[in-house]
Every structure is written in C-alpha cells, then in structure tokens.
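S.K.: In the working numbering, the protein residues as written are 74 to 389.
Each residue gets a CB set at the ideal place from its N, CA and C atoms; glycine is no exception.
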Amino acid sequence: MYILVTARMKTYLREQLVEKFPEATFDFKYPITEAEPHLPKADVIVTYGEDLTNEHIEQAENLKWIMVVSAGLDQMPFEKIIEKNILVTNARGIHKIQMSEYVIGMLLQVYRNLPTFLENQREHVYDKRVKIEEISGKTMLIAGTGAIGQETARKAKAFDMKTIGVSRSGDKKDYFDESYTNDQLNEKLPEADFVVNVLPSTPNTDKMFNEKHFKVMKEDAIFLNMGRGTTVNEDDLIKALKENQIRHAILDVFEVEPLPEDSPLWDLENVTLTPHNSAVTSNYMPRALAIFEDNLKQFLKGEQPEVNVIDPKRGY
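#1: Which whole runs of the beta strand (DSSP E) in the segment 114-187 are 3 residues long or more, in chain order?
#2: Considering only residues of the same chain and omitting the five flanking positions on each side of Ala115, which have a CB-CB separation below 6 Å?
#3: What is the DSSP secondary structure of Phe270, reduced to helix, strand or coil?
#4: Name the two residues that bound the continuous alpha helix (DSSP H) containing Phe365.
#5: Under the DSSP definition of a beta bridge, which residues are partnered with Phe99?
#6: Could you tell me which uninterrupted beta strand (DSSP E) segments, each at least 3 residues in length, are contained entirely in the segment 295-331, listed from first to last along the chain?
#7: Indicate the three-state DSSP secondary structure (helix, strand or coil) for Ala265 in the structure shown.
#8: Does the segment 296-306 come within contact of the segment 269-282, defined as at least 3 CB pairs closer than 8 Å?
#9: I believe Ala164 touches Ala361 by the beta-carbon criterion, under 8 Å. Please report the beta-carbon distance rounded to the nearest angstrom.
#10: Report buried or exposed for Trp339, applying the criterion of at least 16 other Cβ atoms within 10 angstroms of its Cβ.
#11: Can you find at least 3 beta carbon pairs, one from the segment 91-110 and one from the segment 139-146, that sit closer than 8 Å?
#12: Taking all protein chains shown into account, decide if Asp384 is buried (16 or more other Cβ within 10 angstroms of its Cβ) or exposed.
#13: Please state whether the Cβ-Cβ distance between Phe296 and Val329 is less than 8 Å.
#14: By Cβ distance below 7 Å, which residues in the same chain neighbour Asp200 in space, the five residues on each side in sequence not counted?
#15: Using only the alpha-carbon positions, how far apart do Lys261 and Gly178 sit?
#16: Which of the three DSSP states is assigned to Phe59 in this structure?
#17: Please classify Gln223: is it buried, with 16 or more other beta-carbons within 10 angstroms of its beta-carbon, or exposed?
#18: For the beta strand (DSSP E) that contains Val344, what are its first and last residues?
#19: Residues in the same chain with beta-carbon distance under 6 Å from Thr345, minus the five sequence neighbours each way, listed in chain order, please.
#20: Alpha carbon to alpha carbon, how far is Asp256 from Arg241?
#21: Using beta-carbon positions only, say whether Ala352 and His168 come within less than 8 Å of one another.
#22: Would you say the segment 143-163 touches the segment 112-132, given that touching needs at least three Cβ pairs under 8 Å?
#23: What residue does the alpha helix (DSSP H) around Val382 start on, and which one ends it?
#24: Would you call Asp325 buried or exposed, if buried means 16 or more other Cβ atoms sit within 10 Å of its Cβ?
#25: Starting from the C-beta of Ile377, find all residues in its chain whose C-beta is less than 8 Å away, skip the five residues before and the five after it, and write them out in chain order.
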C-alpha cells in the first residue's frame with residue numbers, strides 16, 4: 074500500500090503515521106510538483122485538495138482513495154474523480170472548535186470596541202467614553218447548520234442568544250431555536266443581529282448572499298463570512314458597507330484569495346479582515362489525521378472507509 078502525502082505536516086506527525094501503520098509505505102512530497110513522479114504508484118493520496126488537477130488524477134492510475142485534510146472541496150477535480158470512481162473523504166467536523174471561537178471572539182472585539190482601545194493604547198490616550206456593548210441576548214442567524222454551525226450555535230447559547238439555522242434541507246439541528254431552508258433566508262434576516270455564513274462553495278450557494286439580502290438586514294447587523302468567498306457577491310457587500318446598510322463585516326474568506334491589494338475592503342473602517350485562517354490552530358492537523366487513521370484502518374483490511382465519505386456529484 075503506497076500512500077502519497079502532499080499535505081505539509083510536522084515531523085512528529087509523519088513519524089506517528091509511519092509507526093502506527095508499518096504495513097503501508099508513506100511518501101511525503103510537497104509541493105505537488107515533487108509528488109508528480111510518484112503519482113502512478115499511489116494507492117492513496119493525502120492532500121489539502123487545491124493542488125490536485127484532472128491531469129494528476131489521470132496520472133495516478135492506481136489511485137483508489139483521496140483523503141482531503143480540510144473540509145472545503147471546491148477546487149477538487151471531481152469530473153475526473155467521478156470518471157475513475159475514486160473514493161473521497163475529508164476532514165469535515167475538525168474545524169468546529171476553532172471556527173466557533175473565531176465567531177465569538179470577533180463579535181466581542183467589535184462590540185467591545187477593541188480596535189479603538191488598542192489605538193488609544195498606542196497613542197497613550199486614556200478615554201473612558203469609548204462605547205462598549207454586549208453580545209448577550211442578541212439573535213444570531215447561521216447559514217450552514219453542519220458541525221461548525223451547530224458548535225457556533227452552542228456557544229451562542231452560552232451568551233443567551235436566540236439562534237436561527239438556515240440550510241438546504243431546513244432540518245432541525247441541535248442548539249438552534251428555529252430552522253429554515255435556504256429559500257426562507259430573506260424572511261429571517263431582518264431578525265438577526267449577527268449573520269454568520271459557513272456555507273460551502275457549490276453551484277447552489279454561488280453568490281447566495283447579495284444585494285437583496287444586505288438590504289433587508291438590520292442597519293446595525295454584523296455579517297461574518299467564514300464559509301467560502303464565492304457564496305457572497307463581494308461587490309454588493311462592499312456597496313452595502315459603504316452605504317452603511319449594515320454595521321460591520323467580519324471576513325475570513327474572499328472571492329479572490331489572497332485578497333487583491335486594490336480591494337476596497339482593505340480600507341473600509343467597518344470591516345475586519347483575516348487571511349482565511351479562522352480554522353488554523355496547532356490542533357488542526359492532528360484532528361484531521363485522526364479521521365484519516367480511522368478510515369485507513371478499515372482500508373487496510375480491505376473494507377470501505379466510512380467516516381466523512383464525500384458524494385463527488387454534490388461536492389460535499
């Protein structure tokens with residue numbers, strides 16, 4: 074069993090894999106250009122997903138399984154994967170702790186006016202008039218009610234928030250007071266103080282948040298996107314922010330990444346930007362590999378891995 078790993082990981086994690094699975098041969102090659110000569114003999118590829126192309130899948134003539142050590146799959150070459158009937162699993166669920174903490178932390182920094190205090194500290198200004206607010210008792214609408222959305226709702230309940238979940242199915246999920254379908258999003262947005270987007274990138278979510286949605290949000294609403302940049306019409310969001318249709322946007326993802334230097338988002342005072350790292354902590358890779366290891370134990374027995382199996386036709 075030859076396992077080609079193109080995802081970067083620390084040495085101790087590599088050593089643990091080799092030690093735990095002596096019956097498998099691991100080859101750690103990064104970037105993908107270093108891995109290309111070895112693709113034809115790979116039974117399994119462990120990747121972040123964005124480095125694989127249709128050509129790579131074609132070259133990997135023995136490939137049976139791709140483990141994507143992230144949740145996002147929007148850059149995967151699914152057409153060729155479907156053609157060759159290759160199993161795909163991902164690391165769905167490993168982001169819920171760090172990304173839900175991101176939501177609460179970012180909302181608090183806006184409501185507690187942290188940027189102003191930091192600036193005052195740099196300027197040696199002692200000003201007790203800086204406005205401070207509470208996030209407790211507010212209403213949070215979360216678009217995307219999977220593991221991340223549910224954990225975010227759970228943490229929101231600790232602040233006595235009302236939680237509204239919006240998803241493709243509209244099924245009731247834990248920690249949500251109310252649940253609705255994507256088609257009902259526009260009806261519920263006017264109720265929300267905080268709108269949190271954790272939607273994946275699919276044809277059905279492309280530019281799902283647009284001008285009509287920002288227009289019906291509260292003027293003091295905060296919009297937070299840590300799903301995918303393609304789920305938001307960025308021009309419409311910029312217009313809404315410039316015209317103060319909403320109070321603030323917290324953005325971890327963008328239509329184009331890295332965010333272009335000439336993007337107006339850099340200079341808007343009512344925007345907080347982070348470089349697509351809301352999920353990145355030292356626990357990220359160990360959690361992803363725990364899922365991979367569970368599946369690999371089955372795979373080595375000749376069984377079908379069962380954790381986080383992806384439907385390549387749906388893309389998630």
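M.R.: The short version:
#1: Qualifying beta strand (DSSP E) stretches, in chain order: 117-120, 138-141, 160-163.
#2: As a first step, residue 115 must be located in the sequence shown, where it is residue number 42. Cβ neighbours of Ala115 beyond the five flanking positions: Tyr75, Leu77, Ala133, Leu136.
#3: Mapped onto the sequence shown, residue 270 falls at position 197. Just to set this straight, residue 270 is Asn in the shown sequence, not Phe. In the structure shown, Asn270 sits in a strand (DSSP, three-state: E or B).
#4: On the sequence shown, position 292 is the one that residue 365 refers to. Here the alpha helix (DSSP H) through Phe365 covers 357-373.
#5: Position 26 of the sequence shown, counted from the first residue, corresponds to residue 99. DSSP output for Phe99 lists Ile76 as bridge partner(s).
#6: 295-298, 321-324
#7: Residue numbering aside, residue 265 sits at position 192 when the sequence shown is read from its first letter. Coil.
#8: yes
#9: The residue labelled residue 164 in the question sits at position 91 within the sequence shown. The residue labelled residue 361 in the question sits at position 288 within the sequence shown. Confirmed, about 4 Å.
#10: In the sequence shown, counting from the first residue as 1, residue 339 sits at position 266. Trp339 comes out exposed.
#11: no
#12: Within the sequence shown, residue 384 is the residue found at index 311, counting from 1. Flag for Asp384 reads exposed.
#13: By 1-based counting over the sequence shown, the position of residue 296 is 223. By 1-based counting over the sequence shown, the position of residue 329 is 256. Cβ distance not < 8 Å, so Phe296 and Val329 don't count as in contact.
#14: Start at 1 with the first residue of the sequence shown, and residue 200 comes out as number 127. So the qualifying residues of the chain are Asn193.
#15: For the purposes of this step, residue 261 is taken as the residue at position 188 of the sequence shown. For the purposes of this step, residue 178 is taken as the residue at position 105 of the sequence shown. Approximately 24 Å between the Cα atoms of the pair.
#16: In this structure the chain extends from 74 to 389, so residue 59 is not present and cannot be described.
#17: On the sequence shown, position 150 is the one that residue 223 refers to. It counts as buried.
#18: The sequence position of residue 344 within the sequence shown is 271, counting from 1. 344-346 is the extent of the beta strand (DSSP E) around Val344.
#19: Reading the sequence shown from its first residue, position 272 is the one you call residue 345. If we look at Thr345 and ignore the five residues flanking it on each side, its Cβ neighbours are Ile323.
#20: Mapped onto the sequence shown, residue 256 falls at position 183. Mapped onto the sequence shown, residue 241 falls at position 168. Each residue's alpha carbon lies about 8 Å from the other.
#21: By one-based count along the sequence shown, residue 352 stands at place 279. By one-based count along the sequence shown, residue 168 stands at place 95. Contact: yes.
#22: Put simply, the segment 143-163 touches the segment 112-132. At least three CB pairs are less than 8 Å apart.
#23: The count along the sequence shown starts at 1 and reaches residue 382 at position 309. Note, Val382: premise wrong, no alpha helix (DSSP H); not H, not E.
#24: Taking the sequence shown and counting its residues from 1, the one referred to as residue 325 is at position 252. Asp325 should be labelled buried.
#25: In the sequence shown, residue 377 corresponds to position 304, counting from 1. The displayed chain sequence assigns Gln, not Ile, to residue 377. Excluding sequence neighbours, Gln377 sits near Leu160, Gln371.
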